[in-house]
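Inspection log for the structure reproduced underneath, given as structure tokens.
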Amino acid sequence: MSSTDTITINRILNTVAERQATDVHFVVGNYPFIRVKGKLVPLDQEELITPETMESIISFFVSEEKKEEFETKKDLKYIYDWLSKARFRVHAFQQKGYFSISLKLVPSKIYNLADLGLPKIINDFLKVSSGLVLITGPFNSGRSTTLASMIQTINQTQSKHILYLEEPIEHLFVNDKSVIEQREVGQDVDSFAEGLRSAKDEDVDIVAVSKVEGPEVIELLLELAESGRLVIALMDNYSAITALEEIVSEFTDAKVDWSKNILSELLVGVIDQRLIPTIDGDMVLAVGILTLSPSSKALIKEGRFSNLESIIQTSKAEGMISLQRAIYELAQKGKI
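Count the sequence shown with my numbering and you get residues 61 to 396, in order.
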């Protein structure tokens with residue numbers, strides 16, 4: 061790779077830092093794009109990316125030890141540490157016959173729950189000894205930042221043994237009152253399922269996962285919660301209700317009732333969040349909360365998930381928050 065290409069890529073990453081961008085996209089035939097305050101912006105002062113340029117970009121971000129894996133799988137996810145200035149979650153992949161790379165900036169600071177504007181009831185979720193906490197929302201809704209904040213809160217206030225399974229490892233934790241093990245899927249363990257199976261036989265108080273995929277992983281998460289661990293999991297669902305529906309739908313008829321019973325007994329809460337553009341061009345977090353009240357417990361046990369929305373809207377006293385109401389209140393305050 062030429063020194064000119066290296067200078068160009070470093071200049072783009074400096075632009076990312078200066079403009080507080082969250083994402084960078086390198087695609088052949090396009091200018092580099094960055095995402096600033098939720099909006100994609102072309103860096104049209106740079107040259108269009110050619111196949112040759114992309115080869116240099118790949119060489120910059122993909123180490124020699126990872127190149128063989130990338131050339132075989134055509135898809136690679138990992139963390140890149142740029143000059144000790146910033147950490148990026150890298151996704152290198154192939155599309156339309158060409159390589160592409162997307163970067164997501166990993167926040168250097170692990171924020172506390174209050175700084176993120178998260179409801180105080182989430183602190184209560186973290187004080188229970190066992191059960192299941194879900195964090196749902198679309199891509200780019202700040203879920204991994206919320207999970208990191210929750211783990212750090214436990215780390216600073218409780219003496220717990222925490223296992224965090226990630227793909228890849230983003231935030232780096234320093235043990236405070238707790239002991240935190242971070243295991244990367246694909247490097248430290250072959251899969252989420254393998255990591256969770258191992259956790260069942262270990263002296264672990266809290267298990268967190270950055271991704272939930274497939275029936276085996278879901279079943280293992282429920283079994284860990286049933287065995288007396290606190291389980292915190294990110295799910296790629298658009299709402300608390302669809303997350304619960306997905307969990308139950310992954311089971312065969314013989315285990316459907318078991319899954320509904322486990323959820324109705326051990327669900328601590330569901331955090332449903334969105335990042336919404338503000339009037340002044342920034343981003344603000346809107347959060348909905350589902351907790352386990354007598355009414356929601358009965359509905360979950362019966363599998364009547366579609367009825368949960370009305371319970372959420374009318375159960376503020378039980379700590380529930382309607383996401384729609386949270387968004388409405390942001391509008392009323394003139395923020396969005």
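The beta carbon of each residue, even a glycine, is placed where N, CA and C say it ideally should be. Predicted model, so just to flag it, every value in this text is computed and none were measured.
(request) Would you check if the region 296–311 and the region 171–178 touch, i.e. whether three or more CB-CB distances between them fall below 8 Å? (result) Put simply, the region 171–178 does not touch the region 296–311. Fewer than three CB pairs are less than 8 Å apart.
(request) To the nearest angstrom, report how far apart GLU306 and GLY348 are at their CA atoms. (result) 18 Å
(request) Starting from the C-beta of VAL430, find all residues in its chain whose C-beta is less than 8 Å away, skip the five residues before and the five after it, and write them out in chain order. (result) A query on residue 430 cannot be resolved here, the shown segment of the chain reaching from 61 to 396 and no further.
(request) Enumerate in chain order the residues of its own chain whose CB-to-CB distance from GLU286 is below 7 Å, with the five nearest sequence positions on each side excluded. (result) ILE322, LEU326
(request) Might you give, ordered along the chain, the residues of its own chain that have their beta carbon closer than 6 Å to the beta carbon of ARG79, omitting 5 neighbours on each side? (result) VAL96
(request) Identify every residue that forms a DSSP beta bridge with LYS187. (result) According to DSSP, LYS187 bridges with nothing at all.
(request) Under 8 Å by Cβ, that's how I've got ASN235 and THR213 pegged, so tell me the actual separation to the nearest angstrom. (result) No, ASN235 and THR213 are not in contact; Cβ-Cβ is about 14 Å, not under 8 Å.
(request) Determine which residues share a DSSP beta bridge with LEU402 and list them. (result) Summary: the structure shown does not reach residue 402, with the chain confined to residues 61 through 396, and so no result is reported for it.
(request) Name the two residues that bound the continuous beta strand (DSSP E) containing SER144. (result) That residue, SER144, is in no beta strand (DSSP E); it is neither H nor E in DSSP.
(request) With a threshold of 16 other CB atoms inside 10 Å of the CB of PHE199, please say whether the residue is buried or exposed. (result) exposed
(message) Considering only their Cβ atoms, is the gap separating ILE381 from LEU390 smaller than 7 Å?
(response) no
(request) Compute the distance between the beta-carbons of ARG450 and ILE161, then report whether it is under 7 Å. (result) Given that the chain is displayed from residue 61 to residue 396, the structure contains no residue 450 and the question cannot be resolved.
(request) Throw me the rounded Cβ distance for the THR66 and PHE120 pair, which I believe falls under 8 Å. (result) At roughly 7 Å, the Cβ-Cβ gap stays under 8 Å, so THR66 and PHE120 are in contact.
(request) Taking 7 Å as the cut-off, decide whether the C-beta atoms of ILE371 and SER324 are in contact. (result) Their beta carbons are not under 7 Å apart, which means ILE371 does not touch SER324 by this criterion.
(message) If I measure Cβ to Cβ from SER204 and keep anything under 7 Å in the same chain, skipping five residues before and after, which residues do I get?
(response) GLU230, SER270, LEU294
(message) For GLU226, tell me which candidate among SER144, ASP250, GLY379, GLN154 has the shortest Cα-Cα distance.
(response) ASP250
(request) Along the alpha helix (DSSP H) that carries ARG203, what are the first and last residues, could you check? (result) Unbroken alpha helix (DSSP H) run through ARG203: 203–217.
(request) Let me know the secondary structure DSSP gives PHE120 once reduced to three states. (result) helix
(message) GLY379 and ILE181 - do their beta-carbons sit closer together than 7 Å?
(response) In this structure, GLY379 lies closer than 7 Å to ILE181 by Cβ.
(request) Kindly give me the distance between the Cβ atoms of GLU241 and LEU223, rounded to whole angstroms, as I take these residues to be in contact under 8 Å. (result) 5 Å
(request) Report the rounded CA-to-CA distance for LYS99 versus SER116, giving the unit in angstroms. (result) 26 Å
(message) By the three-class DSSP mapping on this structure, what secondary structure does LEU225 have?
(response) strand
(message) Just to confirm the assignment: which complete alpha helix (DSSP H) runs, minimum length 4, are found wholly within the region 79–109?
(response) Listed in chain order, nothing qualifies, since the region 79–109 has no complete alpha helix (DSSP H) run of 4 or more residues.
(message) Just to confirm the assignment, what range does the beta strand (DSSP E) spanning TYR298 have?
(response) Careful: TYR298 lies outside any beta strand (DSSP E) and carries neither H nor E.
(request) Would you give the residue range spanned by the beta strand (DSSP E) that GLN242 belongs to? (result) 239–244
(message) Pairs of beta-carbons, one from the region 265–285 and one from the region 331–347, closer than 8 Å: are there three or more?
(response) no
(message) Only counting the same chain, and skipping five residues up and downstream in sequence, which positions put a Cβ closer than 8 Å to that of LEU103?
(response) Shown here for LEU103: same chain residues with a beta carbon closer than 8 Å to its own, the five before and five after excluded, namely ILE72, THR75, TYR91, PRO92, PHE93, ILE94 in chain order.
(request) Note the first and the last residue of the continuous beta strand (DSSP E) segment covering TYR158. (result) 158–166 is the extent of the beta strand (DSSP E) around TYR158.
(message) Between which two residues does the alpha helix (DSSP H) holding GLY274 run?
(response) 274–286
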